[in-house]
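Comments concern the structure below.
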Amino acid sequence: MKVQPFFHAETGSLTYVVSDSGLALIIDPVLDYKNGDISHSHIDHVLDYIKHKGLELRFVLDTHIHADHLSASHYVKLATGAKMVVSQRIREVFQQWKKKLGLENLATFDFLVSGKSKIHFGSKIIEVIETPGHTPACVTYKIDDNIFVGDTLFAPDKGTSRADFPGGSAEALYNSIQKLYELPNNTNVYLCHDYPPIGSAPTTCVKIDWQKRRNIMLNQNTSIYEYVFARSQRDASLKEPKLLNVAVPYNLTFKLPEK
140 MKVQPFFHAE TGSLTYVVSD SGLALIIDPV LDYKNGDISH SHIDHVLDYI
190 KHKGLELRFV LDTHIHADHL SASHYVKLAT GAKMVVSQRI REVFQQWKKK
240 LGLENLATFD FLVSGKSKIH FGSKIIEVIE TPGHTPACVT YKIDDNIFVG
290 DTLFAPDKGT SRADFPGGSA EALYNSIQKL YELPNNTNVY LCHDYPPIGS
340 APTTCVKIDW QKRRNIMLNQ NTSIYEYVFA RSQRDASLKE PKLLNVAVPY
390 NLTFKLPEK
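The sequence shown begins at 140 in this note's numbering and counts up by one.
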């Protein structure tokens, strides 16, 4: 199995192509968006890589409903026929944002998964770990000793995701991360975001043991009370993601909000 990262510098987002036995899947693909217009150069680069390698694209997976970038899942499905996968709790997220953002209908996804779901992929099995907290519909995808955690964990020097969106919960996020910390120490943690200085490469993957020992917000010795207090204090200081009012409605409906 091979994991190939692609970094979208404009949003600090990481997309992964996972390949095995001549098949490929994409995790957390990103659309380009500027001044009200969508373009596809980044995701087309990812698709070109898959074509160049002679791989058959089967799935496109989102770890959650992103608030800081537009998902390219629907574009990938239309271009390739790949099946879209997301948490079944997306329905809750839709209801939490529906009135606030004036949404009408939730988009149709091919597979709505839960913690009981398993997806066959080449010689591998994709397991789903429910990791709510950042949003109710956050999941981690586990393939052998590799986990793709979405926004649940950032690089150890940056901590964890925020938990102040509708339906978010610092307590739930703490418990979700504890589930991940129970995995073997050599488990590879593939991150969804990093924000390196200009000219520096992003951190894409760290061992779970490194997270447990070095994560500045939640290490193996952090109590739930300490974490919830620190997370709440941190969230109170954060600004709303600049693309939130475009990204959230688009990622739930695959339609841009009316200008």
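Built from N, CA and C at the ideal position, the CB exists for glycine as well. Bear in mind the structure is a predicted one, so any value in this text is a computation, not a measurement.
Rounded distance between the beta-carbons of residue j and residue i, thought under 8 Å
i: VAL387; j: ILE204; result: 6 Å
i: ALA211; j: PRO168; result: 4 Å
i: LYS222; j: ASP249; result: 4 Å
i: ILE258; j: PHE198; result: 7 Å
i: TYR313; j: GLN359; result: Rounded, the Cβ-Cβ distance is 12 Å, inconsistent with contact.
i: HIS332; j: ASP290; result: 6 Å
i: MET140; j: VAL156; result: Not confirmed; about 11 Å, so no contact.
Cβ neighbours of residue i in the same chain (closer than 7 Å, five flanking residues each side left out)
i: ASP296; result: ILE355
i: THR146; result: According to the sequence as given, residue 146 is Phe; it is not Thr. Same-chain partners within the cutoff: LEU153 and PRO341.
i: THR274; result: HIS203, ILE204, VAL232, PHE304, GLY306 and GLY307
i: VAL267; result: VAL252, SER253, GLY254, SER256, VAL278 and TYR280
i: ALA369; result: MET356
i: ILE189; result: VAL156, ALA163 and LEU196
i: ALA311; result: PRO271 and GLY272
i: ASN244; result: THR392
i: ALA218; result: LEU186
DSSP three-state assignment for residue i, whether helix, strand or coil
i: LYS238; result: helix
i: LYS318; result: helix
i: TYR334; result: coil
i: LEU391; result: helix
i: ASN325; result: coil
i: LYS255; result: coil
i: LYS216; result: helix
i: ASN285; result: strand
i: LYS190; result: helix
i: ASP176; result: strand
i: LEU382; result: coil
i: LEU170; result: coil
i: ALA302; result: coil
i: ARG228; result: coil
i: HIS147; result: strand
i: ALA311; result: helix
Sequence-distant residues of the same chain with beta carbon closer than 6 Å to residue i, five excluded per side
i: ASP348; result: ASN324
i: PHE287; result: ILE166, TYR280 and TYR329
i: LEU322; result: ILE347
i: GLU269; result: GLY254 and VAL278
i: ALA246; result: THR392 and PHE393
i: CYS344; result: ASN327 and TYR329
i: ILE229; result: ALA276
i: LEU240; result: PRO388
i: SER160; result: GLY261 and SER262
i: VAL225; result: ASP201 and PHE248
i: ASN285; result: ASN327
Exposure of residue i, with buried meaning 16 or more beta-carbon neighbours within 10 Å
i: TYR334; result: exposed
i: ILE265; result: buried
i: PRO271; result: buried
i: ALA294; result: buried
i: GLN372; result: exposed
i: HIS102; result: Because the chain in this structure spans residues 140 to 398, residue 102 falls outside the shown range and cannot be described.
i: ASP187; result: exposed
i: ALA423; result: The requested residue 423 is not part of the displayed model; the chain covers only 140 to 398.
i: TYR214; result: buried
i: LYS378; result: exposed
Beta-carbon contacts of residue i that lie in its chain and below 8 Å, excluding the five residues immediately before and after
i: LEU395; result: GLY175, ILE177, VAL385, PRO388 and TYR389
i: LEU209; result: VAL169, LEU170, TYR172, ILE177, LEU382, VAL385, ALA386, TYR389 and ASN390
i: GLY193; result: GLY161
(message) I'd like the ranges of any beta strand (DSSP E) spanning at least 3 consecutive residues and lying wholly in the stretch 344-379.
(response) Here the runs fully enclosed are 344-346.
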